[in-house]
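Those sequence lines, one after another, are chains A and B.
The first sequence begins at -19 in our numbering and counts up by one.
The second sequence begins at 43 in our numbering and counts up by one.
Structure record follows, encoded as structure tokens.
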Amino acid sequence: MSRNSAQWTRKPRLPPTHYADPVIYSDPQLFEEEKEKIFKRVWHLAIHESEVAGPYDYRVYQHPGGTQLIIVRGEDGKVRTFYNMCPHRGNLLVYEPFGNAKKLVCIFHQWAFNGKGDCIDIPRADAGYQDRVCKNDVSLKEVRTEVGYGGFVWVNLDDNCGSLAEHIGPALDYMLPELEAEPLQTLWYYQAHLNTNFKLIHDTNSEFYHDYLHYYNRVTGMLDPKSGYFQRKYTAFPNGHASVGSMMVKYDAYKGSGRSELGWPKLPPKGWKLIDLFPCITFNLRTSVLRIDSYIPLAPDRVILEFRILGLKSDTVEISRQREKDAAVIWSPFGRNLHEDLLASSGQGIAMASGSEAMHVLQAREEELTIHDEVGMRHYLAEWSRRMGRSASSPLAVLLAGARVA
Amino acid sequence: MSNNRSDVEELVYDTCMLLDAKDFKGFLERCDERFEYKLSAYSPEIKREMTWLDHGRAEISELFNTLPRHNTDPSPLTRNAVVYKVKVDDDAKRASVVSALQVFRTAINGGVTELFAIGKYYDTVDLNGDTPRLLARHVKLDTRDLGWVHHVPF
């Protein structure tokens, strides 16, 4: 029987942990709070070290908190991160997404900086500033940076944050042997602008009930009783992270899979491991390729998905090519699964747009923490609630008592 | 041997119309048995070409066959190619063809048309028969942000 408005928008008869108020996916004020209370306070995966392989290499990263950053490998080999902002009058220091520069020179007035963030030249400094402004006063703003967990470069805008290891905790432990067996290299980096909320896409990596969406996943796992698909379990970690147990993928069940016999160091043959990190990163190691999803939320209903595929630095050209081919079957922009994931989460963004009178979003599946349990999403929103000081099921109610406020 | 430029152009334009119409059988009939298809885009961020599709004829045929089993954006695509260069190798009875490509998407809901992607077709055409056939196609995209992306090769 269909429902009227009151029935449609009524809170479900479920524990408050088992549903979310749709406003968390569309409210502009909540989004601004997410920037202050979450994005600016946690460690984000910015780039991979292979993307700044040599001295003076740099890459630009748009931080979800709103600041554009420049990540530089110095002459001393150390990777540092600075605001991509000239301290003179706020111009971008670099315009290209990548480059190599012994000095970072602002095009506007030619102020120059080195890879340690020191200001090394101000044209006509004495003539214009006398002793009122000196180079020491106008060095670049450095950002906390750590390299780890497979050579990824992580940044945190909060100068007083804990270490990366404190934030990750044991969440990546079960993939650490594979991440650190050999140096990695980025084979693909591209972005996809999507009209949806970042949490909705991250949800598709946090639950596998949506394998009904993916014909590929059904035939290569879900429908095969010997694959171990339904025996996989979620493990929830502190700080909102969660992982999914491994399984063996039956690739040849998909006609035309074109999958090679290539594997990954330390990963069992045809193995698959996945870890979701709060607030918006997924490590997805599938047999021969490592996929990393990270997000740059731009607005409550707009997000950039950053998509990486990695192989091993030691791979020959032929092996790299084969890894790309393996990845392409489901994960290229023309692959079987990626389009389906983005179609569904974009559809959520359209259907539940602000003002659409969306219903409460159910996250109520309980299956003893196995693969179609929705504990991954509930765990995520529990951390979201803790950091926001708001319940995800009633976010516009009074702030939770004792909530941590930025 | 067909080495008429207009015949080669017509082949390129036919492939666009056939793919637009999702007439994959018709498209493959314009391809040689040895057909190879590659689609790539250069990522300046990592200074590397990303190969997103790389298939022989059997593989691309299987890709087309399994499309109906997948969930796909139903919005129709329109491929517009402009043949820039046709270079004929009389000895090899082949032509190398470079065409500019624009792909438009018209939203199924409402009918708004937007530019989806640009790039170029780098084709190798076999000129042995009465009509030219596509021996190889390398689609090099300039666009690398395809939004919610797509299933059907360009």
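Quick reminder that beta carbons are idealized off the backbone N, C-alpha and C, glycines included.
List the whole-angstrom C-beta distance separating SER82(B) from THR93(B), where the pair is believed to meet the contact cut-off of C-beta under 8 Å. Here residue 82(B) refers to the residue found at position 40 of the second sequence. Here residue 93(B) refers to the residue found at position 51 of the second sequence. Indeed, because the Cβ distance is near 5 Å, the residues count as touching under 8 Å.
Please name the residues in the segment 307 to 323 of chain A whose beta-carbon is closer than 7 Å to at least one beta-carbon of chain B, in chain order. ALA308, SER312, PRO313, PHE314, ARG316, LEU318, HIS319, GLU320, LEU322, LEU323
Candidates PHE188(A), VAL32(A), ASP106(A), of which the one nearest ALA81(A) by Cα: Working through the first sequence from its first residue, we reach residue 81(A) at position 101. Looking at the Cα atoms, VAL32(A) is the closest of the given residues.
Using the beta-carbon of each residue, which ones in chain B are nearer than 8 Å to LYS235(A)? What you label residue 235(A) is simply residue 255 of the first sequence in a count that begins at 1. The contacting residues are GLU104, ASN107, THR108.
Buried versus exposed call for GLY131(A) [16 or more other C-beta atoms within 10 Å across all chains shown]: Translated into the one-based positions of the first sequence, residue 131(A) becomes position 151. Burial call: buried.
Alpha-carbon to alpha-carbon, PRO(-5)(A) and HIS352(A): The residue given as residue 352(A) occupies position 372 in the first sequence. The residue given as residue -5(A) occupies position 15 in the first sequence. Separation of HIS352(A) and PRO(-5)(A) (C-alpha to C-alpha, rounded to the nearest whole angstrom) is 19 Å.
Of all the options TYR63(A), GLU76(A), TYR109(A), ARG112(A), which has the alpha carbon lying nearest to the alpha carbon of PHE93(A)? Taking the first sequence and counting its residues from 1, one reaches residue 93(A) at position 113. Selected option, being the one with the closest Cα: TYR63(A).
Can you find at least 3 beta carbon pairs, one from the segment 189 to 200 of chain A and one from the segment 279 to 298 of chain A, that sit closer than 8 Å? no
Look up GLU76(A) in the DSSP assignment and say whether it is helix, strand or coil. Mapped onto the first sequence, residue 76(A) falls at position 96. Looking at GLU76(A) - three-state DSSP - the assignment turns out to be coil, as it is neither helix nor strand.
Where does GLY128(A) fall in DSSP's three states? Counted from its first residue, the first sequence places residue 128(A) at position 148. DSSP places GLY128(A) in strand when its eight states are reduced to three.
For HIS180(B), which residues of its own chain have a beta-carbon under 6 Å away from its beta-carbon, when the five flanking residues on both sides are left out? Reading the second sequence from its first residue, position 138 is the one you call residue 180(B). The answer, listed in chain order, is LYS80, TYR164.
Roughly how many whole angstroms lie between the Cα atoms of TRP134(A) and GLY142(A)? If you number the first sequence from 1, residue 134(A) lands on position 154. If you number the first sequence from 1, residue 142(A) lands on position 162. In a straight line, the C-alpha of TRP134(A) is about 13 Å away from that of GLY142(A).
Under 7 Å between C-beta atoms of LEU278(A) and HIS221(A): On the first sequence, residue 278(A) is found 298 positions in, with the first residue counted as 1. On the first sequence, residue 221(A) is found 241 positions in, with the first residue counted as 1. No, these two residues do not count as a Cβ contact at 7 Å.
Identity of the residues DSSP links to HIS24(A) by a beta bridge: Taking the first sequence and counting its residues from 1, one reaches residue 24(A) at position 44. In the DSSP output, where bridge partners are listed per residue, HIS24(A) has VAL135(A).
Using a Cβ distance threshold of 8 Å, determine whether the segment 149 to 162 of chain B contacts the segment 52 to 70 of chain B, with at least three qualifying pairs required. When C-beta atoms of the segment 149 to 162 of chain B are compared with those of the segment 52 to 70 of chain B, fewer than three pairs fall below 8 Å, so the two segments do not count as touching.
According to DSSP, what are the bridge partners of LEU254(A)? Position 274 of the first sequence, counted from the start, is the residue given in the question as residue 254(A). Its beta-bridge partners are VAL224(A), ASN264(A).
Could you check the C-alpha separation between LEU265(A) and GLU241(A) for me, to the nearest Å? Here residue 265(A) is taken as the residue at index 285 of the first sequence, counted from 1. Here residue 241(A) is taken as the residue at index 261 of the first sequence, counted from 1. If you take the alpha carbons of LEU265(A) and GLU241(A), they lie about 15 Å apart.
Uninterrupted alpha helix (DSSP H) stretches inside the segment 48 to 109 of chain B (no shorter than 4 residues): If we require 4 residues or more, the alpha helix (DSSP H) runs fully inside the segment 48 to 109 of chain B come out as 66 to 71, 99 to 108.
Going by the CB atoms, is the gap between VAL224(A) and LEU193(A) shorter than 7 Å? Stepping through the first sequence from its first residue, residue 193(A) is reached at position 213. Stepping through the first sequence from its first residue, residue 224(A) is reached at position 244. Annotated as distal: LEU193(A) and VAL224(A), with beta-carbon spacing of 7 Å or more.
Counting only Cβ pairs nearer than 9 Å, list the residues of chain A close to ILE150(B). In the second sequence, counting from the first residue as 1, residue 150(B) sits at position 108. What ILE150(B) touches in chain A: nothing, since even the nearest Cβ is about 12 Å away.
Using 7 Å as the threshold, is the C-beta distance between ARG73(A) and GLY97(A) below it? For this step, residue 73(A) is matched to residue 93 along the first sequence. For this step, residue 97(A) is matched to residue 117 along the first sequence. For the record, residue 73(A) in the displayed sequence is Leu; it is not Arg. No, these two residues do not count as a Cβ contact at 7 Å.
Range covered by the alpha helix (DSSP H) that runs through LEU(-6)(A): Counting from one through the first sequence, the residue named residue -6(A) turns up at place 14. Run containing LEU(-6)(A): none; DSSP gives neither H nor E here.
Interface residues of chain A around THR75(B) at Cβ under 8 Å? Counting from 1 along the second sequence, the entry for residue 75(B) is found at position 33. The question names Thr, but residue 75(B) is Glu in the sequence shown. The contacting residues do not exist; GLU75(B) stays about 17 Å from chain A at best.
Should the segment 40 to 59 of chain A be regarded as contacting the segment 7 to 22 of chain A, the criterion being three or more beta carbon pairs within less than 8 Å? yes
At 8 Å on the CB atoms, spell out the chain A contacts of ASP115(B), in chain order. Numbered from its first residue, the second sequence carries residue 115(B) at position 73. What ASP115(B) touches in chain A: HIS319, LEU323.
Between GLY98(B) and chain A, is the shortest Cβ-Cβ distance under 7 Å, so that the two count as touching? Position 56 of the second sequence, counting from 1, holds the residue named residue 98(B). For GLY98(B), no Cβ of chain A is located within less than 7 Å of the residue's own Cβ.
Just by C-beta distance, which residues in the segment 155 to 185 of chain A are closer than 8 Å to chain B? Answer in chain order: THR166, LEU167, TRP168, TYR169, TYR170, GLN171, ALA172, HIS173, LEU174.
Based on the DSSP output, what are the partners of LYS83(A) in its beta bridges? As a first step, residue 83(A) is located in the first sequence; it is residue number 103 there, counting from the start. DSSP, once it has assigned bridges, lists no residue as partnering LYS83(A).
Could you spell out where the beta strand (DSSP E) holding PRO118(B) opens and where it closes? Residue mapping note: residue 118(B) aligns to position 76 of the second sequence, counting from 1. No beta strand (DSSP E) contains PRO118(B), which DSSP labels as neither H nor E.
Opposite TYR170(A) in the DSSP bridges: which residues? Numbered from its first residue, the first sequence carries residue 170(A) at position 190. DSSP output for TYR170(A) lists PHE287(A) as bridge partner(s).
To the nearest angstrom, how far is the alpha carbon of ASN113(B) from that of GLU286(A)? Translated into the one-based positions of the second sequence, residue 113(B) becomes position 71. Translated into the one-based positions of the first sequence, residue 286(A) becomes position 306. Those two C-alpha atoms are separated by around 22 Å.
I'd like to know whether the C-beta atoms of ASN317(A) and TYR196(A) end up nearer to each other than 7 Å. The residue given as residue 317(A) occupies position 337 in the first sequence. The residue given as residue 196(A) occupies position 216 in the first sequence. Yes; because the gap between Cβ atoms is below 7 Å, this pair is in contact.
Taking 7 Å as the CB-CB cut-off, is PHE78(A) touching chain B? Residue mapping note: residue 78(A) aligns to position 98 of the first sequence, counting from 1. Yes, its Cβ sits closer than 7 Å to a Cβ of chain B.
Where TYR38(A) falls: helix, strand or coil (DSSP): Translated into positions along the first sequence, residue 38(A) becomes position 58. The answer is strand: DSSP assigns TYR38(A) an E or B state.
Do VAL269(A) and ILE299(A) count as a contact pair if the criterion is CB distance below 7 Å? If you number the first sequence from 1, residue 299(A) lands on position 319. If you number the first sequence from 1, residue 269(A) lands on position 289. No. Outside cutoff.
Assuming the contact rule is C-beta atoms closer than 8 Å, LEU349(A) and TRP190(B) should be a hit. Round their C-beta distance to whole Å, please. For the purposes of this step, residue 349(A) is taken as the residue at position 369 of the first sequence. For the purposes of this step, residue 190(B) is taken as the residue at position 148 of the second sequence. With a Cβ gap of about 31 Å, LEU349(A) and TRP190(B) do not count as contacting.
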